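Numbering (this note's numbering), first residue to last: 6 to 288.
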Ligand SMILES: Nc1ncnc2c1ncn2[C@@H]1O[C@H](COP(=O)(O)OP(=O)(O)OP(=O)(O)O)[C@@H](O)[C@H]1O
Ligand SMILES: [Mg+2]
């Protein structure tokens with residue numbers, strides 16, 4: 006199950022597409038993404054050393070194609086640092102991080118990683134407040150370098166369909182013409198997720214997506230994530246255990262502690278694991 010090649014060529018080599026002609030880097034990279042083993046992301050023996058402090062300590066885990074993986078763990082466990090390593094913001098001191106079988110993320114820039122199909126949602130929503138919901142989705146579509154030439158052109162039918170289906174998915178279709186600045190915190194978070202979806206990410210990383218949401222918004226977010234299951238691979242870091250339970254279903258939950266995996270299994274198994282109980286009660 007170990008990835009084999011150390012190459013970023015799939016990102017830069019349009020031949021990967023095999024069809025010739027002009028193609029977007031996203032399409033190239035995503036078509037070139039080798040998931041023959043059913044695994045989209047590998048982290049192997051990752052260490053991140055901050056001046057002698059190991060924020061990640063031999064962290065090893067992998068994420069399946071189409072999987073919705075929940076990651077939990079006490080404050081300071083290394084969850085955000087793990088996302089920083091995947092997205093190229095922080096370089097591992099040692100260890101390997103692969104996207105599919107062949108893309109070595111440690112050799113790619115943050116922009117290349119994003120173009121290869123990894124989207125990340127930070128905790129604070131960063132929507133364009135003075136633009137409408139529709140315009141925000143439109144702008145997100147156009148930040149894709151491949152559509153730069155069409156920045157001042159009208160959207161084509163396929164692009165409009167993509168925006169409409171995303172508005173429906175977010176249940177924001179009736180508000181499409183409203184300024185994003187007028188939305189509730191939860192609605193802004195959904196819009197930002199929608200903006201990430203405009204780029205068709207293969208893997209979405211979400212760090213504490215329901216922090217600051219009302220109970221009703223949290224429930225709606227669970228519904229949204231459940232509808233993304235299988236269409237995208239998702240890694241969700243959250244402290245809200247009711248929320249985690251409502252999206253983990255019978256899938257794998259990974260518990261991080263002190264920079265490595267403490268336990269992994271379905272929600273019930275990890276909740277009943279004495280080591281997990283100890284780290285949660287003992288701090
Ligand atoms: N740039 C940095 N320099 C030094 N130490 C850091 C840096 N970034 C993170 N750390 C430390 O690494 C550890 C892991 O931090 P991280 O933010 O990954 O934890 P987390 O699991 O996301 O926690 P939380 O649940 O509170 O968000 C913490 O002890 C943190 O203080
Ligand atoms: Mg964090």
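Glycine residues also receive a C-beta, built at the ideal position from the N, C-alpha and C atoms. Note that the structure is predicted; figures quoted are calculated from it, not measured.
Check	Outcome
So what's residue 245 in DSSP terms, helix, strand or just coil?	coil
Considering only heavy atoms of ligand 2, list every residue whose Cβ is less than 7 Å from one of them, following chain order.	84, 85, 212, 213, 242
DSSP on residue 212, reduced to helix/strand/coil?	strand
Would you list the residues sitting across from residue 71 in a DSSP beta bridge?	Answer is none; residue 71 lacks a bridge partner.
Among 170, 231, 176, 207, whose alpha-carbon lies nearest the alpha-carbon of residue 143?	170
Among 107, 95, 111, 92, whose alpha-carbon lies nearest the alpha-carbon of residue 101?	111
Cβ of residue 240 within 8 Å of Cβ of residue 76?	yes
Out of curiosity, what's the CA-to-CA distance linking residue 147 and residue 234?	25 Å
At a threshold of 7 Å, does residue 81 count as lining ligand 1 (C-beta to nearest heavy atom)?	yes
Hey, is the segment 134-141 in contact with the segment 161-181, meaning 3+ C-beta pairs nearer than 8 Å?	yes
Would you mind stating whether residue 197 and residue 249 have Cβ atoms separated by less than 8 Å?	no
Helix, strand or coil for residue 236, going by three-state DSSP, please let me know.	coil
Is residue 105 closer than 8 Å to residue 40 when the C-beta atoms are compared?	yes
Contact defined as beta carbons within less than 8 Å: I believe residue 232 pairs with residue 45. What is the distance between those atoms, to the nearest angstrom?	Not a contact, Cβ separation roughly 19 Å.
I'd like to know whether the C-beta atoms of residue 278 and residue 268 end up nearer to each other than 8 Å.	yes
Which class does residue 37 belong to by DSSP, given the choice of helix, strand or coil?	helix
From the DSSP output, in three-state form, read off residue 128 for me.	coil
Which value, in whole angstroms, describes the spacing of the CA atoms of residue 283 and residue 263?	13 Å
Excluding five sequence neighbours on each side, which residues of the same chain lie with their C-beta closer than 7 Å to the C-beta of residue 177?	138, 192, 195, 196
Between which two residues does the alpha helix (DSSP H) holding residue 111 run?	Careful: residue 111 lies outside any alpha helix (DSSP H) and carries neither H nor E.
For residue 275, which of 265, 135, 258, 215 has the nearest alpha-carbon?	258
What are the complete alpha helix (DSSP H) segments, minimum 4 residues, inside the segment 158-202?	162-175, 190-202
Within 7 Å: the Cβ of residue 55 and any heavy atom of ligand 1?	yes
Taking the C-alpha atoms as reference points, what is the distance between residue 211 and residue 59?	23 Å
How long is the line joining the alpha carbons of residue 52 and residue 243, rounded to whole angstroms?	22 Å
Mind checking which residues open and close the beta strand (DSSP E) that includes residue 50?	44-55
Pull up the CB-CB distance for residue 87 and residue 61, whole angstroms please, since I reckon it's below 8 Å.	6 Å
Which of the three DSSP states is assigned to residue 58 in this structure?	strand
Please tell me whether, using a cut-off of 7 Å, the distance from the CB of residue 216 to the nearest non-hydrogen atom of ligand 1 is below it.	no
Could you check whether residue 207 and residue 38 sit closer than 8 Å to each other, using their CB atoms as the reference points?	yes
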